[in-house]
Amino acid sequence: VRRWTTNPALQAYITQLLSLAEAGDREAFARAFVPLDLSEDELMMYVTDLKQNEQQWIHLVSELGTIAAGVERIEGDQLTRATFFFAHAMLEGCDREVTFIHVEGEWRAEG
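In the working numbering, the protein residues as written are 64 to 174.
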């Protein structure tokens, strides 16, 4: 059984991230994805890493696609925190979990 978030704002955020990722805009994606407490230098190091590590980028986009398409289970209240559990679409036997938290009025990946 696939499960999607019950929070429309979180679902919109996931859709936005997936759109940025599918467009290949790694910097815009990173700015929307990373925790708000990262410094500009840390953010740019992450962007550089995403640009240099194609395999990491492909897996990240795949994971977002899986989350958007529905996952095995979701934990958390989905108002301040949501953890998505799913099998990685590209890596057989690899179970993943991704947590998003609501901070300062925005959804972000938990660091």
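Cβ atoms here follow ideal geometry from the backbone N, Cα and C, with glycine treated the same way.
It should be emphasised that the depicted structure is a prediction, and the values quoted were computed from it without experimental measurement.
Look at His-165 here: in three-state DSSP terms it is strand.
Rounded to whole angstroms, Leu-81 and Arg-144 show a C-alpha spacing of 19 Å. With contacts defined by Cβ atoms closer than 8 Å, Ile-77 and Ala-150 do not form a contacting pair.
Between the alpha carbons of Leu-142 and Arg-66 lies a distance of about 16 Å. Per DSSP, Glu-155 is not a residue of any beta strand (DSSP E), being assigned neither H nor E. Around the beta carbon of Arg-171, 16 or more other beta carbons lie within 10 angstroms, which makes this residue buried. Spanning the alpha carbons of Arg-136 and Glu-103 requires a straight line of approximately 34 Å. Around the beta carbon of Val-134, 16 or more other beta carbons sit within 10 angstroms, so the residue counts as buried. The beta carbon of Phe-147 is closer than 7 Å to those of Ile-130, Val-134, Ile-137, Glu-160, Val-161 in its chain, skipping five residues each way along the sequence.
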